[in-house]
Amino acid sequence: MLSVGFRALFRRELLRFVRRPKNTFMPPAITNVLYFAVFGLILGGRIDEPVPGIGYILFLVPGLVVLGTISNAFENASFSIFHGRWNEYIHETLTSPLSYAEMVFAYVGASAVRGLIVGVIIAVIGRLFVPITIANGLFLVATMVVIAALFAGLGIIGGLVARDFDDLTVMNQFILRPLVFFGAVFYSLTMLDPIWQYVSLLNPMVYMVDSVRYGLLGYSDMFEVAPAAYAEIAPLVSLGVLAALTAVVLTIDVYLFKIGYGLTD
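So our numbering is basically just the index in the sequence shown, starting at one, shifted up by 313.
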């Protein structure tokens, strides 16, 4: 059973962004309308299907959903932790009877919810441009929850490491977004030369985008580019690795809270 303190902290973090929809939900909605309009309608009509049977606009949807989800999950967690440190109100949380795990899970849970809401908003916007039918619903939900929690956990680390607000901007704009853009959001790995396919496999974002694309569209680049030994189960392997990585990141978060890293400076 969830403690009263956990529910209170979780609710506070939820209300922090729910009460400001113009700042939290409107920007990604407007940005993705532009993405779909420019890359989908204007350029998409002049681009051949990235893979047989899937039009370019439809191919874009999973990648943009991932981009919005992880960016907002990371941003919410990192800003919440850093803002609490900056204004020193995080001390009240640290002196509460909550365990370190409860603190971390409350921050991660609320941030993951924001990321998932933005992901749904982007999917709905995509639905306005092209019909979407979910191919593997359970797999899609599991993948979205895992990647949202993963980047919320990474956001906590970012919020603890950051020394000013510029550090948060650098992490989101110059590290996360480039990795996503080179994570097969706007193209299929099958369009690349073999050497670049293998280089792309070093980018963890590729597996996230591909897993969501498999859950949403039923198509996975890994069926074509992954080693033949596990090509057929590659999406499941990717999900398992992402889940394990999420567990590791959350464990690190709890440990950093326990030792007070960045919290008591």
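Glycine included, each C-beta is placed from N, C-alpha and C at the ideal position.
Using DSSP bridges, identify the partner residues of residue i.
i: Ile394; result: Partner(s): none; Ile394 has no beta bridge.
i: Ile367; result: Val364
Using beta-carbon positions only, say whether residue i and residue j come within less than 7 Å of one another.
i: Ala448; j: Gly531; result: yes
i: Pro375; j: Leu529; result: yes
i: Val443; j: Ile360; result: no
i: Glu415; j: Phe319; result: yes
i: Leu563; j: Gly466; result: yes
i: Gly472; j: Ile394; result: yes
i: Leu552; j: Thr456; result: yes
i: Ala461; j: Ala386; result: yes
i: Leu481; j: Met518; result: no
i: Phe349; j: Arg427; result: no
Nearest to residue i by alpha carbon, out of the options?
i: Thr446; options: Glu545, Leu327, Ile367, Leu558; result: Ile367
i: Val458; options: Ile343, Ala556, Ile403, Arg333; result: Ala556
i: Ser316; options: Asn345, Pro410, Ala386; result: Pro410
i: Val550; options: Tyr520, Val417, Phe352; result: Tyr520
i: Asp566; options: Leu453, Val554, Arg476, Ser412; result: Ser412
i: Tyr527; options: Ala321, Phe349, Val364, Arg325; result: Val364
i: Asn485; options: Phe464, Leu505, Thr503; result: Phe464
i: Leu407; options: Leu322, Leu505, Met535; result: Leu322
i: Leu429; options: Val454, Ala419, Glu405; result: Val454
i: Gln510; options: Phe452, Leu492, Met535; result: Met535
i: Asp523; options: Ile508, Phe478, Thr503; result: Thr503
i: Ile546; options: Lys335, Phe452, Glu362, Ser513; result: Phe452
i: Phe418; options: Gly575, Thr577, Tyr574, Tyr568; result: Tyr568
i: Val561; options: Arg490, Phe478, Glu326, Ile470; result: Ile470
i: Arg490; options: Ser384, Pro507, Arg325, Asp479; result: Ser384
i: Leu441; options: Asn345, Leu327, Asp479; result: Asn345
i: Leu576; options: Glu405, Ser513, Leu514; result: Glu405
i: Lys335; options: Val431, Phe352, Arg324, Val512; result: Val431
i: Ile488; options: Asn516, Pro507, Gly439, Val525; result: Asn516
i: Val525; options: Thr337, Arg333, Pro548, Phe352; result: Pro548
i: Glu362; options: Tyr500, Phe478, Val351; result: Tyr500
i: Val351; options: Gly439, Arg325, Arg324; result: Gly439
Quiz item: Do three or more CB pairs link the region 414-432 to the region 480-498 at distances below 8 Å?
Solution: Contact annotation: the region 414-432 does not touch the region 480-498, with fewer than three C-beta pairs closer than 8 Å.
Self-check item: Segment contact, 8 Å Cβ cut-off, at least three pairs: the region 381-391 with the region 532-549
Solution: no
Quiz item: Should the region 373-382 be regarded as contacting the region 340-348, the criterion being three or more beta carbon pairs within less than 8 Å?
Solution: yes
Quiz item: Between the region 427-438 and the region 401-415, do at least 3 Cβ pairs fall closer than 8 Å?
Solution: no
Quiz item: What residue ranges within the region 376-445 form continuous alpha helix (DSSP H) runs of no fewer than 4 residues, ordered along the chain?
Solution: 403-407, 413-442
Quiz item: Which runs of the alpha helix (DSSP H) fall wholly inside the region 492-527 and span at least 4 residues, in chain order?
Solution: 507-513
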